[in-house]
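S.K.: First residue of the sequence shown: 7, per this note's numbering; consecutive thereafter.
By construction, the Cβ of each residue, glycine as well, lies at the ideal position given by its N, Cα and C atoms.
These numbers were taken from a predicted model, which means no experiment stands behind them.
One structure follows; several queries about it will come next.
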Amino acid sequence: MKKLITLITCAAMIMCLAGCGKTASGTAQAGVLVMATNAEFPPYEYHEGSAIVGIDAEIAAAIAEKMGCELQIEDIAFDAIIPEVTSGKADIGMAGMTVTEERMENVDFSTTYAIARQVVIVAEGSGITSLADLEGKTIGVQQGTTGDIYASEEFGDDHIERYAKGMEAVQALSQGKIDAVIIDNEPAKVFITENEGLIILDEAYADEEYAIAIKKGNTVLLDQINKALEELKADGTLDAIVAKYISAE
Ligand code: GLN
């Protein structure tokens with residue numbers, strides 16, 4: 007009996023490994039799940055020594071484990087993530103990425119795994135207390151993000167300063183070079199603790215949801231990712247990962 011169980015376990019393991027193979031799962035490389043990200047976005051992805059850690063990195067690792075794959079993380083510019091996925095160089099794009107209609111024309115998205123919002127950071131005592139006060143001001147954003155897309159459309163290119171990293175926009179704000187930064191709420195909280203004299207406006211700029219980007223039409227991989235996400239939500243793993251990085255308010 008014991009032997010039989012061992013055999014079954016072994017067969018299950020082999021099937022699991024095969025599940026990450028090129029033909030079986032739709033990942034680009036057998037046994038490897040390549041995640042493209044931009045590790046400048048705490049608490050979702052950031053550098054800790056030589057490692058890339060954070061909520062997305064841990065969720066991706068848990069998904070890869072369920073698929074019997076090894077997770078490989080590629081750290082690239084945020085606006086290079088979708089091209090990396092569409093070209094098939096990366097299997098998934100995971101970077102606190104907001105689901106938008108425009109992005110859905112280029113990639114498929116998994117089910118959403120987080121609710122987020124774009125917020126406005128300003129200097130304490132700046133006189134900017136509401137969204138209406140942003141009119142005519144210079145707003146810093148991270149290039150290619152929804153903050154960039156929405157604010158450029160609403161306030162016009164002349165009023166937008168684009169930075170490669172969100173943290174650089176926040177530093178420019180704290181040096182008085184710009185009047186406000188529009189960025190995702192959780193990184194905003196981290197960045198204002200690292201730069202004194204900044205506050206987040208109570209009024210949110212936009213509500214959004216994060217999901218994982220996958221090459222259009224790769225339904226095999228999409229189904230695997232969604233199934234893994236569903237299991238991680240159901241068994242409390244996802245909540246535990248979030249709680250590790252974000253303290254409850
Ligand atoms: N949520 C924003 C977007 O998808 C920003 C993501 C990021 O900077 N990593 O555009």
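#1: Step through the CB atoms of chain D and report whether any lies within less than 7 Å of the CB of I98.
#2: Would you identify the three-state DSSP class for V176, choosing helix, strand or coil?
#3: Measure from the alpha carbon of E51 to the alpha carbon of each residue in Q35, A70 and G102, then state which is nearest.
#4: Which same chain residues end up closer than 8 Å to Y169 when comparing Cβ atoms and leaving out the 5 residues on each side of it in sequence?
#5: Quick check: does the Cβ of Q230 come within less than 6 Å of any heavy atom belonging to the ligand GLN?
#6: Can you have a look at Q181 and say buried or exposed, based on whether 16 or more other CB atoms are within 10 angstroms of its CB?
#7: Can you tell which of T144, A217, V128 and L227 has the C-alpha that lies nearest to the C-alpha of A194?
#8: For D163, is the classification buried or exposed, using 16 other Cβ atoms within 10 angstroms of its Cβ as the cut-off for buried?
#9: For a test of your reading of the model: does the CB of M103 fall under 6 Å from any non-hydrogen atom of the ligand GLN? Yes or no.
#10: Pull up the distance between the alpha-carbon of K28 and that of E64, whole angstroms please.
#11: Mind checking who Q78 pairs with in its DSSP beta bridge?
#12: Could you give the DSSP three-state label for L238: helix, strand or coil?
#13: Taking all protein chains shown into account, do 16 or more other C-beta atoms lie within 10 angstroms of the C-beta of A68, making it buried, or fewer, making it exposed?
#14: For V38, which residues from the same chain have a beta carbon less than 7 Å from its beta carbon, with the 5 sequence-adjacent residues on both sides left out?
#15: Can you tell me where the alpha helix (DSSP H) holding Y156 begins and where it ends?
#16: Going by Cα to Cα distance, which pick from K95, S132, E80 and D139 is closest to G203?
#17: Which stretch, first to last residue, makes up the alpha helix (DSSP H) that contains Y251?
#18: Which partner residues of T104 appear in the DSSP bridge assignment?
#19: Is T151 near the ligand GLN, with its Cβ less than 6 Å from a heavy atom?
#20: According to DSSP, A129 sits in a beta bridge with which residue or residues?
#21: Would you check if there are 3 or more beta carbon pairs closer than 8 Å linking the stretch 134 to 144 to the stretch 106 to 116?
#22: I'd like the span of the beta strand (DSSP E) that includes A186, first residue to last.
#23: The alpha helix (DSSP H) that contains I61, what's its start and end?
#24: Leaving out five residues before and five after I198 in sequence, what residues of the same chain have Cβ atoms less than 8 Å from its Cβ?
M.R.: Answer, in terms of the structure:
#1: Looking for chain D here will not work: only one protein chain is present.
#2: Residue numbering aside, residue 176 sits at position 170 when the sequence shown is read from its first letter. Helix, per DSSP.
#3: Within the sequence shown, residue 51 is the residue found at index 45, counting from 1. Comparing Cα positions, the closest option is G102.
#4: Along the sequence shown, read from residue 1 onward, the residue named residue 169 stands at position 163. Excluding positions up to five away in sequence, the list reads G146, V147, Q148, Q149, A175 and A178.
#5: Here the question's residue 230 lines up with position 224 in the sequence shown. Because no heavy atom of the ligand GLN lies under 6 Å away, the Cβ of Q230 does not count as near it: no.
#6: Along the sequence shown, read from residue 1 onward, the residue named residue 181 stands at position 175. Flag for Q181 reads exposed.
#7: The residue given as residue 194 occupies position 188 in the sequence shown. It is V128 whose Cα lies nearest to the Cα of A194.
#8: To locate residue 163, count along the sequence shown from 1; it is residue 157. Under this definition D163 is an exposed residue.
#9: Indexing the sequence shown from 1 puts residue 103 at position 97. True, at least one ligand heavy atom lies under 6 Å from that Cβ.
#10: By one-based count along the sequence shown, residue 28 stands at place 22. By one-based count along the sequence shown, residue 64 stands at place 58. Residue placement at K28 cannot be trusted, given a pLDDT of 46 that sits under 50; the coordinates are not used to answer.
#11: Within the sequence shown, residue 78 is the residue found at index 72, counting from 1. Note: Q78 sits in a beta bridge opposite V40.
#12: What you label residue 238 is simply residue 232 of the sequence shown in a count that begins at 1. DSSP, reduced to helix, strand and coil, places L238 within a helical segment of the structure shown.
#13: Taking the sequence shown and counting its residues from 1, the one referred to as residue 68 is at position 62. The residue in question, A68, is buried, as its Cβ has 16 or more Cβ neighbours within 10 Å.
#14: As a working note, residue 38 is residue 32 in the sequence shown. Around V38: C75, E76 and Q78.
#15: By one-based count along the sequence shown, residue 156 stands at place 150. Segment T152 to F161, the alpha helix (DSSP H) holding Y156.
#16: Locating residue 203 in the sequence shown gives position 197, counting from the first residue. Residue S132 is the option with its Cα nearest to G203.
#17: To locate residue 251, count along the sequence shown from 1; it is residue 245. Residues T243 to Y251.
#18: Here residue 104 is taken as the residue at index 98 of the sequence shown, counted from 1. Paired residues: Y216.
#19: Locating residue 151 in the sequence shown gives position 145, counting from the first residue. Yes, the ligand GLN has a heavy atom inside 6 Å of this Cβ.
#20: Taking the first residue of the sequence shown as position 1, residue 129 is located at position 123. BP columns for A129 point to L204.
#21: These segments do not touch.
#22: Within the sequence shown, the letter at position 180 stands for residue 186. Its beta strand (DSSP E) spans residues A186 to D190.
#23: Residue numbering aside, residue 61 sits at position 55 when the sequence shown is read from its first letter. Element bounds for I61: I61 to M73.
#24: Walking along the sequence shown from the start, residue 198 turns up at place 192. Hits under 8 Å: I127, V176, L204, I205 and I206.
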